[in-house]
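K.L.:
Structure in structure tokens, see below.
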Amino acid sequence: FAITAETSLNTIDVSLMWSLIEPKFNEYDFTELDYFLNYAKKYNLKLNIEWFGSFTDGETRTGNMPKYISENPHTYPLIIDLYDYANYGHVEIINWANENLLHREQLALYATMNYIYDWNHQNDLYNPVVMVQLGQGVDRFQRWRVAQLKVPGKDGGLMSASEAWGLANNYINKMGQAVKYSKYKAITRSEFCEQNAVTNYVRDIYDLDDMKVVLTILSDSVGARVKEAGMYFKTVHLYVRNKKILFVRNR
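Here it is, written out as structure tokens:
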């Protein structure tokens with residue numbers, strides 16, 4: 001935070017893991033969030049929160065998940081069990097169509113946003129959070145993981161493209177609702193791994209009711225970041241052949 005404050009930047013990305021926010025069923029711990037909020041105010045910075053829940057880079061990492069989720073596959077079923085992955089815990093593909101899972105994650109994110117609201121009113125309406133990123137590399141599951149990991153679909157064969165994209169869209173929009181209907185108002189955003197061949201999917205995300213910003217990462221891994229705290233538009237950033245095309249529609 002101190003180093004960022006010494007630069008010309010005014011906004012910093014911070015990651016929040018669901019497992020730290022809700023370590024036990026229905027018991028929330030905002031210690032790490034408090035750290036971010038207080039240091040943002042101290043150094044006159046704004047925050048973009050990256051929500052790391054059940055959908056990260058096209059897979060589920062148990063390190064991001066409360067144990068009551070990962071240890072109860074009967075209530076929160078998996079599509080496929082995979083492998084251990086160092087600090088990320090165990091890697092699997094959880095069923096993002098499962099309403100029990102989506103409801104619990106929505107509640108945690110909703111509680112997080114309402115906590116920010118309460119903090120804000122105790123801190124002179126500093127308005128610390130600009131955006132909330134939902135999911136990480138939201139095109140990775142559909143474009144690579146399904147084939148790479150041989151993820152089964154509802155019919156028992158390899159999951160179809162439409163089913164895979166539908167799962168991702170559903171997850172993103174459900175988490176967007178948790179932000180949208182909380183007391184604290186922030187811009188929701190989604191991020192892609194690469195720009196190639198995602199034009200149609202960007203438009204799909206753009207049309208989701210509860211998403212406001214879609215970002216891509218360039219093929220040279222330079223991240224596209226929106227820093228304008230006062231921008232309350234529904235915005236799509238498309239990067240095609242390294243030329244940015246910006247569509248803006250007033251909400």
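Counting with my numbering, you get residues 1 to 251 for the letters of the sequence shown. No residue lacks a Cβ here, since even glycine has one placed at the ideal position from N, Cα and C.
(1) Return the bridge partner residues of H90 from the DSSP annotation.
(2) With a 10 Å radius around its C-beta and 16 neighbouring C-beta atoms as the bar for buried, classify N72 as buried or exposed.
(3) Secondary structure at G58, three-state DSSP: helix, strand or coil?
(4) How many Å lie between L134 and A108 at the Cα?
(5) E50: buried (16+ other C-beta within 10 angstroms of its C-beta) or exposed?
(6) Within the chosen definition, does the stretch 37 to 51 reach the stretch 131 to 150 through at least 3 CB pairs nearer than 8 Å?
(7) How about the stretch 61 to 77 and the stretch 150 to 167: do they share at least three Cβ pairs that are nearer than 8 Å?
(8) With 16 other CB atoms within 10 Å as the buried threshold, where does K174 fall?
(9) Hey, how far is the Cα of L16 from the Cα of N38?
(10) Is the beta carbon of F36 closer than 9 Å to that of Y171?
(11) What are the start and end residues of each continuous alpha helix (DSSP H) run of 4 or more residues lying completely inside the stretch 97 to 180, in chain order?
(12) Nearest CA to the CA of A2: which residue from Y184, K41 and R145?
(13) Buried or exposed, going by whether 16 or more other CB atoms sit within 10 Å of the CB of P252?
(14) Thinking F141 and E59 are a contact (beta carbons under 8 Å), I'd like their distance in whole angstroms, please.
(15) Who are the Cβ neighbours of I94 in its own chain at under 6 Å, not counting the five residues just before and after it?
(16) CA-CA distance, K24 and N114?
(17) Which residue's Cα is closest to the Cα of I21: V14, N87 and E32?
(18) Kindly indicate which three-state DSSP category D34 falls into: helix, strand or coil?
(19) What residues match up with N48 in a beta bridge as DSSP calls it?
(20) Which residues in the same chain as L102 place their Cβ atom closer than 6 Å to its Cβ, once the five residues preceding and following it in sequence are excluded?
(21) Does DSSP put K67 in a helix, a strand or coil?
(22) For A111 and E27, what's the separation of their Cα atoms in angstroms?
(23) Kindly identify the DSSP beta-bridge partner or partners of F24.
(24) How far does the alpha helix (DSSP H) with T75 in it reach, from first residue to last?
(25) Relative to the C-alpha of L149, which residue among N100, Q106, I80 and R104 is closest?
P.N.:
Answer, in terms of the structure:
(1) D84
(2) exposed
(3) coil
(4) 13 Å
(5) buried
(6) yes
(7) no
(8) buried
(9) 15 Å
(10) no
(11) 99 to 122, 146 to 149 and 161 to 180
(12) K41
(13) Residue 252 is absent from the structure shown; the chain starts at 1 and stops at 251.
(14) 7 Å
(15) S54, T60 and L78
(16) 19 Å
(17) E32
(18) helix
(19) D13 and M131
(20) K174
(21) helix
(22) 10 Å
(23) Going by the sequence as given, residue 24 is Lys instead of Phe. According to DSSP, K24 bridges with E27.
(24) Run containing T75: none; DSSP gives neither H nor E here.
(25) I80
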